[in-house]
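This note's numbering numbers the first residue of the sequence shown as 63 and each following residue consecutively.
Beta carbons: idealized from backbone N, C-alpha and C, even for Gly.
Worksheet: one structure, shown below.
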Amino acid sequence: MCGCPRDHLCALCFEGAWDNLRGCAATRGEVWADDVARRVRARERCRPWPPHLARAADLARVKVDDLTRDPRLVEALAAELARWAGRRWAATTAPDAHPPA
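See the structure below:
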């Protein structure tokens with residue numbers, strides 16, 4: 063980091079942090095989807111993953127809040143987490159998919 067405030071990263075530091083943390087957010091998203099799939103009834107697994115709005119967005123933010131103090135980066139990471147959760151959900155709940163172990 064260049065010395066910019068950790069809660070308001072400059073563009074260069076933001077991009078560097080994004081590059082370093084987006085994989086973590088993606089992994090957390092996949093784990094989130096797997097955890098939900100294990101807990102819900104089979105009939106609920108046919109529903110699509112919720113859009114990144116309201117409560118789902120709040121939950122996603124909580125899951126990445128420990129990674130950065132910059133609120134813009136929290137939002138970006140939460141959206142990335144939600145995107146990967148949705149991908150994982152679709153892959154694991156497809157009719158020909160095997161349930162998560």
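C-beta contact flag for A104 and A147 at 8 Å: Within the sequence shown, residue 104 is the residue found at index 42, counting from 1. Within the sequence shown, residue 147 is the residue found at index 85, counting from 1. No, they are not a contact pair.
Using a beta-carbon distance below 8 Å, is T89 in contact with chain D? The question asks about chain D, but that chain is absent: this structure has only one protein chain.
Just the Cα atoms here: how many angstroms apart are G45 and T155? This structure does not reach residue 45, given that the chain is present from 63 up to 163, and the question cannot be answered.
Whose C-beta lies closer than 6 Å to the C-beta of A118 among residues of the same chain, with five residues either side of it excluded? Against the sequence shown, residue 118 aligns to sequence position 56. Taken in chain order, the residues that qualify are P112.
Buried or exposed: D69, going by 16 or more other Cβ atoms within 10 Å of its Cβ? Walking along the sequence shown from the start, residue 69 turns up at place 7. D69 comes out exposed.
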